[in-house]
Amino acid sequence: MFFRVLLQKCVVITGLLGTIGASAAEQVNIYSYRQPFLIEPILAEFSNKTGIETRVVYASKGLNERLQREGRNSPADLVLTSNTSSLMDLLNKQLTQPVKSDVLQQNIPAQFRDAAGNWFGLTTRARLIYASRDRVKPGEITRYEELVEPRWKGRICTRSGKHPYTLSLIASMIAHHGEAETKAWLKGVKANLARKPQGNDRTQVKAISEGVCDLSLGNSYYFGKMITNREQPEQVAWAKSVNLVFPNQADRGTHMFISGAALTKHAPNRDNAIKLLEFLSGAEAQYAYAEKNFEFPVRPQTPRSELINRYMGEFKEDNLSLTEIGAHVPAASRLVDEVGFDF
Amino acid sequence: MTVTALAPRANLSGLRWFFLVAGIAILVALPVLSIFWLALFPEENIWPHLLDTVLWHYVSTTLLLAFGVAVLTLVAGVGSAWLVSMCRFPARRFFEWALLLPFAVPAYVIAYVYTDLLEYAGPVQKALRGWFGWQSAREYWFPEIRSLGGAVAMLSLVFYPYVYMLARAAFLEQCGSIRAASRSLGCSPWQSFLRVSLPMARPAIAVGLSLVLMETLNDFGTVDFFAVRTLSVGIYDTWLSRGNLGGAAQIACSTLLFVVLLIALERIGRARQRHFVQSPTANRDRYRLAGWRSLAAVFFCGILLLGGFVIPLVVLAGYALGNLSGYWTDAFVEIARNSLLLSAAAALLSVLLGLLLAYGKRLQPRRPVRLLVGFSKLGYALPGAVMAIGVLIPLAGFDNAVDALLREQFGISVGLLLSGSVFAIIFAYTVRFLAVSTGAIETSLEKVTPSMDRAARALGRNSWQTLWAVHLPLVRAGLLTGGLVVFVDCMKELPATLLLRPFGFDTLATYVYQFAADEMLERSALGALLIVLVGLIPVVLLSRAIGWRRGDGVAELIESEAPAI
C-alpha cells in the first residue's frame with residue numbers, strides 16, 4: 001500500500017516533468033550520420049517554412065544501436081544516413097516503419113526507395129575516378145576495371161578499403177563480376193597504389209595536386225566542395241589539378257549510391273517527420289542539395305544546378321539495385337581483409 | 001577486553017564497506033559487463049576469418065605502437081621528472097610545472113596540427129622545397145607523419161605527463177635520507193637513481209604507464225587519421241562494416257584481457273614491496289648540473305614542452321585568432337559551458353567513488369574486494385564508442401523497464417529518464433575515468449602508514465571518522481591529482497560524447513571533431529584552443545599541489561597536516 005502511494009506520487013511528479021517536455025513546440029528529432037554542414041541549411045529552411053523545430057544528434061557510429069536500445073521510448077523520429085549500408089542495417093534490425101505518401105512516391109523514383117516505404121534515398125552520389133590533369137590524358141582511363149593495368153603502378157591513391165564508400169563500390173563489383181574476379185581486381189588495385197590507403201576523398205585529390213599519385217577514387221560532390229571553397233582557397237587549386245572521369249560510360253554506367261532517410265519504428269512525432277521527409281524530397285530541398293552540396297537530386301524534375309552542369313554534365317548511371325549492393329557489403333569487407341588492402 | 005568488545009562492531013563495519021565497494025564496482029562495471037554479454041552472442045564467428053587474414057597485422061601493429069609509446073613516455077616522463085625534482089639547472093622551476101602542459105592537448109588535435117605542419121603542402125616541406133629548389137615529392141625524402149612512427153610520436157608527446165606527474169610526486173615524497181644513505185654507501189648519483197629512487201618510485205610510475213597504455217590501446221582518432229591499423233580499428237570494422245557488434249565486443253574483451261595481464265604482471269613484480277613515508281624530509285640537496293649537462297637537461301625538457309605544447313598552441317592560436325569574431329559566438333560560449341560543467345561533475349563523482357573504492361580496499365584488503373576494485377577500472381580500457389554502447393545497454397534497459405512498469409500499473413509513460421540525457425554522459429565519463437582517480441588516490445593512500453589507522457581506531461574513531469580526520473587531509477594531493485586529471489580527460493573525451501549526447505547538445509570536443517573530420521582545422525581551432533586553455537587551469541593547480549613554489553610540496557603538505565590527528 002505504502003509503495004503504491006509512493007509510486008503514485010512519483011508518477012505525478014514525473015508526469016508533470018513529462019508535460020513540461022511535451023509542451024515544447026512542434027518538432028522532429030533526427031539521428032544523423034550526415035555531417036552538420038551538409039544538412040543544417042536545409043533543415044533551417046524547413047523550420048522557417050513550417051515552424052516545426054528540428055533537433056539533431058550527429059554521430060558517425062552507433063546511432064542504430066542507440067535507437068535499438070532505446071526501443072519504443074526513443075525520441076528519434078528520423079535517421080539520416082550518408083550511405084546505403086546503414087539504411088539496410090536499420091531495416092535488418094527492424095527499426096523502421098513504412099511510410100505511405102503520394103508525395104514521396106512521386107518525388108523519388110522506385111529504384112531509390114524501399115518498395116514497402118521503409119527507407120528513402122534523398123540524393124545520389126557517383127563514385128568517380130579523379131585523374132591528374134597534367135599526367136593523365138583524357139580518355140586514358142575509362143573503366144574501374146582498368147585500374148589494375150600495370151601502367152598505373154604506383155600511381156593510384158584511395159581512402160581505406162573499409163570505408164562505406166569504398167565497400168559500396170567493391171560490393172557493386174561483386175554484383176557484376178562475382179567474388180573471385182573482384183578479389184583479383186582488388187589485389188590489382190592494391191598493387192598499383194602509390195601509398196597505403198589513408199585520409200578521406202579530399203585528401204586523395206590533394207595528393208594528386210602534390211604529385212604523390214595520378215589517379216584517385218572519390219565521390220562526385222567533393223569536387224564541388226573544393227572548387228567553390230572560399231574558406232580554404234588552396235582547395236580550389238587541388239580541384240583544378242584534376243579531371244573528373246565518370247567510369248564505365250560505354251557499358252553499365254558509373255557506380256552510384258545514396259544518402260537517405262528512414263522513419264523510426266516508434267517515431268513520437270510521426271506526422272512532422274513525414275512532413276520533413278516530403279520537404280527533403282521536394283523541389284526546393286532537392287535543388288538545394290544540388291546547389292549547395294553538389295549531390296545529384298533523386299527527384300527527376302529538379303532543374304540541374306548550374307555548377308553541376310558546368311563540371312559534370314550528363315552521364316550514365318549504374319542502375320544496380322541498392323538492396324543488392326547492400327547484400328554484398330559484408331563480402332566486400334571480407335575481401336578487403338583477404339587481400340590486405342589497407343596494409 | 002576492549003578489543004573483544006570491539007570485534008563484532010568492526011566486522012559489521014567491514015561488511016558494510018564490502019557491500020559499499022561491491023555496489024560501486026558493479027554499478028560502474030555494468031557497461032563492461034554489457035560488452036561481455038554482447039561478446040557471448042556474436043552474429044557470426046569472426047575469429048577464423050581474422051586469424052586467416054588481418055589479426056596478426058592488427059596485433060603486431062598494436063604491440064609495436066604500445067611498445068613505442070611505453071618506451072618514449074617512460075624516457076620522457078621519468079627522465080624529466082628526475083631532472084626537475086632531483087637536479088638543479090637553469091629554468092628548472094619553470095619546467096617543473098610547464099612539463100605538465102602537453103597533458104591538456106588532445107591526441108587527435110596534436111595529430112591534426114602536426115599533419116598540417118609536416119605534410120607535403122605544409123609550411124615545413126614548402127620551405128625545404130624553396131631552399132633546395134625541389135619541384136615535387138619524388139625528388140626528396142621526408143619522414144611520413146602519417147605512419148606508425150608518427151602515431152608513436154604524437155601519442156607519446158601528449159601522454160608522457162601521466163608518467164611525469166606520478167613519477168615526480170613519487171620522487172618528491174621519497175626521503176632524502178635514504179638517498180643520502182645510498183650515496184654514503186658508495187653509490188654514484190646514477191647508481192643511487194637506478195638502485196634506490198627508481199625502484200621506490202616504481203608503483204607510481206607503473207600506474208602512470210598503465211594509464212598511458214590504456215589510452216594508447218583505445219585511441220582511435222589518431223591511429224585512424226594516420227592509417228595505422230591497430231586492434232581498435234579492427235573492433236570498429238567488425239562492428240560497422242561487417243555488422244557484427246558481438247564480434248567487435250569479443251575483440252574489445254580480448255584487448256581488456258591484455259590490459260588485465262599487464263596490470264597483473266606489474267602487481268606480481270612488486271607484490272612484496274611496501275612503501276610508507278615515515279618522516280619525509282625535503283629535498284634540499286639537489287644535484288647541481290653544470291656545463292653541457294645543464295644544457296642537455298634544458299634541451300631535453302625544452303623539446304618535450306615545445307613539441308607537446310608550444311608548437312600546437314601556436315598553430316591553433318594562429319588559426320583561431322585569424323577569425324576570432326567569426327568563431328566566438330553565443331553558441332560557442334554555450335558549448336564551452338557544457339564542457340566545463342560536464343567535466344566538473346564527472347570529476348567530482350569520480351573522486352568521490354574513487355575515494356570510497358580505494359579506502360574500502362585499504363580497510364578490506366581481501367581478494368574479492370581487490371578484484372572488485374580492479375574490475376571497476378576496466379571501463380578505461382574499452383574503446384570509447386564501444387564503451388558508449390555498453391553504457392546505453394543498462395541505462396536504456398533501466399529506462400524501458402521503469403516505463404513499462406508505469407505503463408502497466410498506471411497507464412502513464414515517462415519515456416527515457418536517463419539515456420539521452422547529460423546523466424548518460426556523466427555516467428560514461430565516470431565509468432571511463434574512474435581508473436584514473438582511483439589509481440591516484442590508491443597510490444596516495446598506500447603511502448599512509450597503517451599505524452595511523454590503528455592509532456585513530458584505538459582512539460575510538462570509526463572507519464568513517466578515520467577517513468575524514470586522518471586520510472582525507474593526508475591524501476589531499478592524490479584527490480586533487482585524480483580529480484584534475486579526470487577533469488582534463490573529460491574535456492577531451494570524444495567518441496562516447498558523440499553517441500550519448502542529447503539533441504542539439506555539443507561539447508568542445510564534438511565541436512572540434514565536427515570540423516576537423518572534414519579537414520577544416522581553421523574552423524575547429526578555437527574549440528581545440530579552448531580545450532587546451534581550460535585544461536591549463538587544472539594543470540597549473542596541479543603543479544602547485546605537487547610542489548611548485550611550496551618548496552617541496554607534498555612532503556611539506558604531509559608534514560604540516562599529519563599532526564592534526
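Protein sequence lines correspond, in order, to chains A and B. UniProt numbering puts the first residue of the first sequence at 1, with every later residue one more than the last. UniProt numbering puts the first residue of the second sequence at 1, with every later residue one more than the last. Glycine included, C-beta positions come from ideal geometry on N, C-alpha and C.
- For B:V233, the nearest CB of chain A lies under 9 Å from its own CB, placing it at the interface with that chain.
- Using a CB distance cut-off of 9 Å, A:Y58 counts as an interface residue toward chain B.
- Assigned with DSSP and collapsed to three states, A:L78 falls in strand.
- From the listed residues A:A327, A:T254, A:F343 and A:E306, the smallest Cα separation to A:T124 is found for A:T254.
- Rounded to whole angstroms, the separation of the alpha carbons of A:N48 and B:S232 is 43 Å.
- Around the beta-carbon of A:F112, 16 or more other beta-carbon atoms lie within 10 Å, marking it buried.
- At the C-beta level, B:Y58 and B:G234 come within 9 Å of one another.
- Within the same chain, Cβ atoms closer than 7 Å to the Cβ of A:A332 are found at L167, I170, A171 and I174, the five residues on either side in sequence being excluded.
- A residue is called buried once 16 or more other Cβ atoms fall within 10 Å of its Cβ, and B:S192 is buried on that count.
- Chain A places a beta carbon closer than 9 Å to that of B:D399, counting this residue as a contact.
- In this structure, the alpha-carbon of A:D337 lies about 10 Å from that of B:D237.
- Among the CB atoms of chain B, none fall inside 9 Å of the CB of A:K153.
- Within chain B, Y120, Q135, S136, A137 and R138 have C-beta atoms less than 9 Å from the C-beta of A:G211, given in sequence order.
- A:D77 places its beta carbon less than 9 Å from that of A:N272.
- Using a Cβ-Cβ cut-off of 9 Å, A:V329 counts as an interface residue toward chain B, since at least one Cβ of chain B sits closer than that to its own.
- Three or more pairs of CB atoms, one per stretch, sit closer than 8 Å, so the region 435 to 449 of chain B contacts the region 196 to 212 of chain B.
- The CB of A:Q94 never comes closer than 9 Å to any CB in chain B; the least such distance is about 14 Å.
- Closer than 9 Å to the CB of A:S220 there is not a single CB belonging to chain B.
- By a beta-carbon distance limit of 8 Å, B:V21 does not contact B:G384. Their separation comes to about 26 Å.
- Looking at B:V163, B:T507 and B:V69, the one whose alpha-carbon comes closest to that of B:R337 is B:T507.
- Take A:M226, set aside five residues on each side of it, and the residues of its chain with a beta-carbon closer than 6 Å to its own are Q235, W238 and A239, in chain order.
- Between A:Y165 and the set B:S241, B:T115, B:C490 and B:I205, the nearest pair of CA atoms involves B:S241.
- Listed in chain order, the non-local C-beta contacts of B:N244 below 8 Å within the same chain comprise P42, E43, E44, I46 and T238, local neighbours out to five positions each way being set aside.
- A:V99 sits in coil when the DSSP states are folded into three classes, being neither helix nor strand.
- For A:Y221, the enclosing alpha helix (DSSP H) has its first and last residue at S220 to I227.
- A Cβ-Cβ separation of about 6 Å places B:A346 in contact with B:V486 under the 8 Å criterion.
- For B:I389, the nearest CB of chain A lies under 9 Å from its own CB, placing it at the interface with that chain.
- Among the residues facing chain B, A:N29 is included, as its CB has a counterpart in that chain under 9 Å away.
- In the DSSP secondary-structure assignment, B:R88 is bridged to B:R288.
- With a cutoff of 9 Å on beta-carbon distance, B:A297 and B:R92 are scored as near each other.
- Here the region 89 to 97 of chain A lies against the region 118 to 133 of chain A, with 3 or more beta-carbon pairs under 8 Å apart.
- Think of a sphere of 9 Å around the beta carbon of B:H471: no beta carbon from chain A falls inside it, the nearest being about 37 Å out.
- If you draw a straight line from the Cα of A:R334 to the Cα of B:T443, it comes to about 46 Å.
- Not one beta carbon of chain A lies nearer than 9 Å to the beta carbon of B:Y380.
- Residue pairing for A:M256: DSSP places it in a beta bridge opposite A:A126.
- The DSSP-derived three-state label of B:P189 is helix.
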